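Notes follow the structure.
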Amino acid sequence: MRVDGELTDLAAEVGETQTTEPVTIDSQDGLNILRHSTAHVLAQAVQTLRPAAKLGIGPFITDGFYYDFGVEDPFTPDDLKAVKREMQRIVKDAQRFRRRVVTDDEARAELADEPFKLELIGLKGGKKEAAEGAGVEVGEGELTIYDNVDGRTGETVWKDLCRGPHVPSTRMVGNGWDILRIAGAYWRGSEKNPQLQRIYGTAWASKDDLRAYQDRLAEAARRDHRKLGRELDLFSFPDEIGSGLSVWHPKGGIVRGEMEQHARRRHIAEGYSYVYTPHITKKDLFVTSNHLVTYADGIWPPIRMDEERDDEGYVTKQGVDYYLKPMNCPMHILIYKERGRSYRELPLRLAENGTVYRNELSGALHGLTRVRGFTQDDAHLFVTPEQLEAETTKVLEFVLSLLKDFGLTDFRLELSMRDDEKEKWIGEESVWETATDALRRVALSTGLHLVEEPGEAAFYGPKIDLKVTDAIGRSWQLSTVQLDFNLPERFELEFTDRDGSKQRPIMIHRALFGSIERFFAILLEHYAGDFPLWLAPVQIMGVPVADEFSEYLDGVVGNLRAAGIRAEVDHSDDRMQKKIRTHTTAKVPVLLIAGEQDRTAGTVSFRFRDGSQRNGVPVDEAIALVTNAVASKALIQTAEDLA
Numbered sequence: 004m005r006v007d008g009e010l011t012d013l014a015a016e017v018g019e020t021q022t023t024e025p026v027t028i029d030s031q032d033g034l035n036i037l038r039h040s041t042a043h044v045l046a047q048a049v050q051t052l053r054p055a056a057k058l059g060i061g062p063f064i065t066d067g068f069y070y071d072f073g074v075e076d077p078f079t080p081d082d083l084k085a086v087k088r089e090m091q092r093i094v095k096d097a098q099r100f101r102r103r104v105v106t107d108d109e110a111r112a113e114l115a116d117e118p119f120k121l122e123l124i125g126l127k128g129g130k131k132e133a134a135e136g137a138g139v140e141v142g143e144g145e146l147t148i149y150d151n152v153d154g155r156t157g158e159t160v161w162k163d164l165c166r167g168p169h170v171p172s173t174r175m176v177g178n179g180w181d182i183l184r185i186a187g188a189y190w191r192g193s194e195k196n197p198q199l200q201r202i203y204g205t206a207w208a209s210k211d212d213l214r215a216y217q218d219r220l221a222e223a224a225r226r227d228h229r230k231l232g233r234e235l236d237l238f239s240f241p242d243e244i245g246s247g248l249s250v251w252h253p254k255g256g257i258v259r260g261e262m263e264q265h266a267r268r269r270h271i272a273e274g275y276s277y278v279y280t281p282h283i284t285k286k287d288l289f290v291t292s293n294h295l296v297t298y299a300d301g302i303w304p305p306i307r308m309d310e311e312r313d314d315e316g317y318v319t320k321q322g323v324d325y326y327l328k329p330m331n332c333p334m335h336i337l338i339y340k341e342r343g344r345s346y347r348e349l350p351l352r353l354a355e356n357g358t359v360y361r362n363e364l365s366g367a368l369h370g371l372t373r374v375r376g377f378t379q380d381d382a383h384l385f386v387t388p389e390q391l392e393a394e395t396t397k398v399l400e401f402v403l404s405l406l407k408d409f410g411l412t413d414f415r416l417e418l419s420m421r422d423d424e425k426e427k428w429i430g431e432e433s434v435w436e437t438a439t440d441a442l443r444r445v446a447l448s449t450g451l452h453l454v455e456e457p458g459e460a461a462f463y464g465p466k467i468d469l470k471v472t473d474a475i476g477r478s479w480q481l482s483t484v485q486l487d488f489n490l491p492e493r494f495e496l497e498f499t500d501r502d503g504s505k506q507r508p509i510m511i512h513r514a515l516f517g518s519i520e521r522f523f524a525i526l527l528e529h530y531a532g533d534f535p536l537w538l539a540p541v542q543i544m545g546v547p548v549a550d551e552f553s554e555y556l557d558g559v560v561g562n563l564r565a566a567g568i569r570a571e572v573d574h575s576d577d578r579m580q581k582k583i584r585t586h587t588t589a590k591v592p593v594l595l596i597a598g599e600q601d602r603t604a605g606t607v608s609f610r611f612r613d614g615s616q617r618n619g620v621p622v623d624e625a626i627a628l629v630t631n632a633v634a635s636k637a638l639i640q641t642a643e644d645l646a
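Residue numbering for the sequence shown follows the numbering used here, starting at 4 and increasing by one per position.
Shown next, in the form of structure tokens:
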């Protein structure tokens, strides 16, 4: 339940003046509590089977939970089967979750054999450096331990450092859960710390919900962009280059190029100017921007340059540290600052496909969605306060319009607002209120579902995040529209206003795709590799009924290529049916088939992804149909789609 808005156990005492709200197990709060309780059951099962296992952290996560363990020998699949059986026993045992408030010293005494828990006690207070997921263990306020109590004897059979809340008993974990996989994870996310064994699981309100989730997992595995990237020859991560650094193969390069070029044309039409900036810069730039303080962990180590020595080896000129850029914004600011600016030049919209580098932990890397080098379709807009709302409206409308070009339609918005504590943000409260109200009006004007998130704004300004739901119901965060009062102040940006006074512009950070690599991965999984005709690496593949019709198809394909279509003819020795299977597996959107009847009549036949065909189409009409479908960005799956 919630008591005065705070989540708490059902066993908590409630005062007469307090208000309560129920929390159902199928709500998001309810699922989070269920999943965290199931993580406790997992940990208890592991320590029952392996008493020497040391407990790490066990939070709920999206769609499930995990728990980290320090063990001598890694877990095996057979171990997981045994853990699952023990979990089922604990669930049936209906042990009660009992909350106890303890002092730091009491917790240390009770958990003396748990080194990772002892370390968390020393870091309590909600510090970010504690560890990802540590909020379920320790945080601001009192320290608590949860006992698992035998319902028959009242004996405590297991306990864990935890903030809670939990379901009343293990029986309520029910049968809508499962153990998924094993992974390695460094303690507190640092490669300098011991590597632990992480067991992932999932938990749902019912067995039916679990089955539906497992079906979604199977579909997600089929669509995994890493798997499709190999099968369709789109990209790879050569060991010789390094972890998290991708190379793009010709077919992947075609899709990426189409994405970038389409976005570029749209940006230019919307009044953006493209700029180019280097991949590396002197230290001082990121000192001024404060990234070396606030983003130090995400920046690659420096490269020492420009040092000079005399013939005897003595330093005559000190070197300078250079850094691979993690952000494009400081360089765009320098372009703005290169000369004086007038209000007549604003809004100034600078765009760049800028490659940046982030020092991601190796364990966090995941295909193209989490990499160490990636390209942002970055834009920074410099506006007057009076222009803020109108310009933000244009930005959001543009973002939605461009994403719809790529076939995405299911959107929602989140508005991140300032924290109530003044020390957690900079600037004038009135400016924040005005800016936040403007963003709220902009968001509501779209008609999309809006969620407001108090306290989630960055210290330098409120923002709107756009989230999209893909073809199998997964949510992805894409575009961000971030207001920034900080960097214009730090870099002393100015413009001359109508009355001749010097004023400070407001800066808008706007990444539409976010990362081109990540957006490519999202699209690849959204379409399961069946890219729309306009994006497909090979748009048309000619398949002659027999070799004697190859020359005729070469002529048709030549005309298609002259019209800008990516078209080829299969001249291999394979039989026609095998060619059709090969190119269907390769996810070519449209096959162009020709035999004697087509050659005689000057026609071709289309074969589509679903196996349907459209026969006897005159060549000129066929070329027009294809070029129109590409221009309109239509998703061509069946004969009926090619109108």
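For each residue, glycine too, the CB sits at the ideal point set by N, CA and C.
The model shown is predicted, which means the values in this text are computed figures rather than measured ones.
Pairing Asp381 with Phe78, the inter-Cα distance amounts to about 43 Å. For Gln485, the enclosing beta strand (DSSP E) begins and ends at 478-487. In this structure the region 185-195 does not touch the region 152-170; the number of beta carbon pairs closer than 8 Å is below three. When DSSP states are grouped into helix, strand and coil, His294 belongs to the helix group. With a cutoff of 8 Å on beta-carbon distance, Ala570 and Arg578 are scored as not near each other. The secondary-structure analysis by DSSP pairs Tyr360 across a beta bridge with Gly376. In the DSSP annotation of this structure, the continuous segment of the alpha helix (DSSP H) that includes Tyr216 starts and ends at 210-226.
Residue pairing of Gln200 in beta bridges, as defined by DSSP: Phe72, Gly187. Nearest to Pro388 by alpha-carbon distance, out of Thr437, Arg214, Thr65, is Thr437. A Cβ-Cβ contact shorter than 8 Å links Arg610 with Leu594.
Out of Asp468, Ala625, Ser30, Met334, the CA that lies nearest to the CA of Ile283 is found in Met334. A buried status is given to Ser249, since no fewer than 16 other beta-carbon atoms sit within 10 Å of its beta-carbon. Listed as beta-bridge partners of Tyr277 by DSSP are Ala354.
Within the same chain, and ignoring the five residues on either side of Gly67 in sequence, the residues whose Cβ sits closer than 8 Å to its Cβ are Arg38, Leu183, Tyr203, Gly204, Thr205, Ala206.
Closest in C-alpha terms to Tyr279, from the list Pro465, Gly179, His383, Gly517, comes His383. Ala597 is not a Cβ neighbour of Val541, given a cutoff of 8 Å. Cβ atoms of Ile124 and Arg111 come within 8 Å of each other, at about 6 Å. Per the Cβ contact rule, the region 319-335 is in contact with the region 300-307 (3 or more Cβ pairs under 8 Å). For a cut-off of 8 Å, the C-beta gap from Val152 to Arg101 is around 5 Å, short enough to register as a contact. If you draw a straight line from the Cα of Glu392 to the Cα of Leu453, it is about 17 Å long. When C-alpha distances from Ala589 are compared across Asp533, Asp29, Lys505, the shortest belongs to Asp533.
Going by beta carbons, Ser276 and Arg352 fall inside the 8 Å limit. Each residue's CA atom was taken as its position, placing Ser575 and Lys581 some 10 Å apart. Using a C-beta cut-off of 8 Å, the region 448-468 makes contact with the region 410-426, since at least three inter-stretch Cβ pairs fall below that distance. With contacts defined as CB atoms closer than 8 Å, Gln485 and Gly464 qualify as a contacting pair. Each residue's CA atom was taken as its position, placing Phe72 and Lys57 some 5 Å apart. For Ile568, there is no enclosing beta strand (DSSP E), since its DSSP letter is neither H nor E.
A distance below 8 Å between beta-carbons, with the five flanking residues on each side excluded, links Glu400 to the following residues of its chain, in chain order: Thr449. Around the beta-carbon of Gly144, fewer than 16 other beta-carbon atoms lie within 10 Å, marking it exposed.
The residues Ile60, Leu123, Leu164, Cys165, Arg166, in chain order, have a CB closer than 7 Å to that of Glu140 in the same chain once the five nearest residues on each side in sequence are set aside.
When the beta-carbon positions are compared, Gly376 and Gly256 stay at least 8 Å from each other. Inter-segment contact for the region 354-370 and the region 285-293 is absent: fewer than three beta-carbon pairs are separated by less than 8 Å.
If you ignore the 5 residues before and after Ala632, its C-beta comes within less than 7 Å of the C-beta of Leu536, Ile639, Leu645, all in its own chain and listed in chain order.
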